[in-house]
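Numbering (my numbering), first residue to last: 2 to 320.
The beta-carbon is built from N, C-alpha and C at its ideal position, and this holds for glycine as well.
Since this is a predicted model, take the numbers as computed values, not measurements.
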Ligand SMILES: [Zn+2]
Ligand SMILES: [Zn+2]
C-alpha cells in the first residue's frame, strides 16, 4: 500500500519519517540524501550525507570541512539502507553525478527525480528509468507552453556571430555542458573561462568527463576580435552590462534570464512539458507527487487516470 505520508515537508525540507532521512534538506540535518550538487539541493553542515562520488567532490570543493560530517558514497544501482528504507541512485541526466533516488519500503517503490533532463549531454550520465509506484517529480517547467528548443541548434547560433561573445552561465553543470557543446558544434570558437569555474572543470576532468579545449580568461585575449567565447558566472555577466565589442548571451531555459529578446540562448537542464509526460510513461506510476514549481498542469492533465498530489514547501528552483 502506498503510504501517503511517506514524504512530507517540514521546516528542514522533504522528510521521510519511515527512514528518518531528508531528501535535499534545506537546513542541516542528521541523515541527508542529496540528489546533486547544486546549491539549492546540497547545503553544508549535514551529519551523514548519502550521495554519488561526483556530488561529494563538488560539495567538498564548495564547503570544505563543512561539506558533511561523513559522506556515504554510493555507486549507481547499489542499494543501501537508511532507517529501514532501501535506497539506490540512478542517473538523472541533469549534471555530473546527479541522481534520482529510488526508495523501496514495504513492497512499494518511490522514485524521487531530483532535477532531471532528457536532452543529450555529453558531460553527465544519461538519464535512466525505472518503474515505480510513486513518481515524485520536479515541476520546474511543467507547463504545456514550455517546450525547450533543440540544444544543438541553439549552440550553432554562435557560429553566425562575428564578434567576441560574453556568455553567462551557471558555473556548475551549465558551464561544462557549454564548453563541450561549443567544442562539438562551434569548433571555430576559442573558449575562455572565468577563473572561478576552472576548479569545477577540474573535477569534471578528474571524474572522466572530457570537456574539450578551453583556457582560463586573460585580459589581453579579449582585446582583439578572434572568435572568443568567454564563459562567465551570472554575477560577472551582470557587471559587464555596458561592455562594447561583444555580443552578450545568457544560456538558460528561462526567458527572463536571456540577455534581451533578440539575443537568446535557450539551454535548459530541466525537463520540459513533453519530457515530463515521457517520464511518466516510462515510470508508469500509480501516483505522481510534484514539487518545485507548479504542479497544477500535471494534475489537470492526468486527472482521469493518475492521482496527482502537489507537495508544498519548497520554493521554485532555478538551477
Ligand atoms: Zn534544483
Ligand atoms: Zn539542479
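Original post:
Excluding five sequence neighbours on each side, which residues of the same chain lie with their C-beta closer than 7 Å to the C-beta of residue 286?
Top reply: 133, 134, 135, 136 and 307
Original post:
First and last residue of the alpha helix (DSSP H) that includes residue 280?
Top reply: 274-284
Original post:
If you measure from the CB of residue 25, is any heavy atom of ligand 2 nearer than 7 Å?
Top reply: no
**OP:** Return the chain-ordered list of same chain residues with a C-beta closer than 8 Å to the C-beta of residue 208, the five sequence neighbours on each side being excluded.
**Re:** 54, 55, 58, 97 and 98
**OP:** Measure the alpha-carbon distance for residue 239 versus residue 108 and round it to whole angstroms.
**Re:** 51 Å
Original post:
Among 187, 173 and 129, which has the Cα closest to the Cα of residue 154?
Top reply: 187
Original post:
Helix or strand or just coil, what does DSSP make of residue 318?
Top reply: Low local confidence applies: a pLDDT of 42 at residue 318 is under 50, so the model's placement there is unreliable, with the coordinate-based value given in what follows. Coil at residue 318, not helix or strand.
Original post:
Are residue 173 and residue 232 close, meaning C-beta to C-beta below 8 Å?
Top reply: no
Original post:
Straight-line CA distance for residue 317 to residue 265?
Top reply: Low confidence applies to residue 317: its pLDDT is 41, below 50, so where it sits in the model is not reliable, and the reading given next is rough at best. Answer to the nearest angstrom: the Cα atoms are 22 Å apart.
Subject >> residue 186 - containing alpha helix (DSSP H), residue span >> reply: 175-186
**OP:** Within 10 angstroms of the Cβ of residue 5, are there 16 or more other Cβ atoms? Answer buried if so, exposed if not.
**Re:** exposed
Original post:
Tell me which same chain residues have a C-beta within less than 7 Å of the C-beta of residue 61, skipping the five on either side of it?
Top reply: 68
Original post:
Where does the unbroken alpha helix (DSSP H) through residue 57 begin, and where does it stop?
Top reply: 54-64
Subject >> CA nearest to the CA of residue 302, picked from 183, 125, 274 and 50 >> reply: 274
Original post:
DSSP on residue 293, reduced to helix/strand/coil?
Top reply: strand
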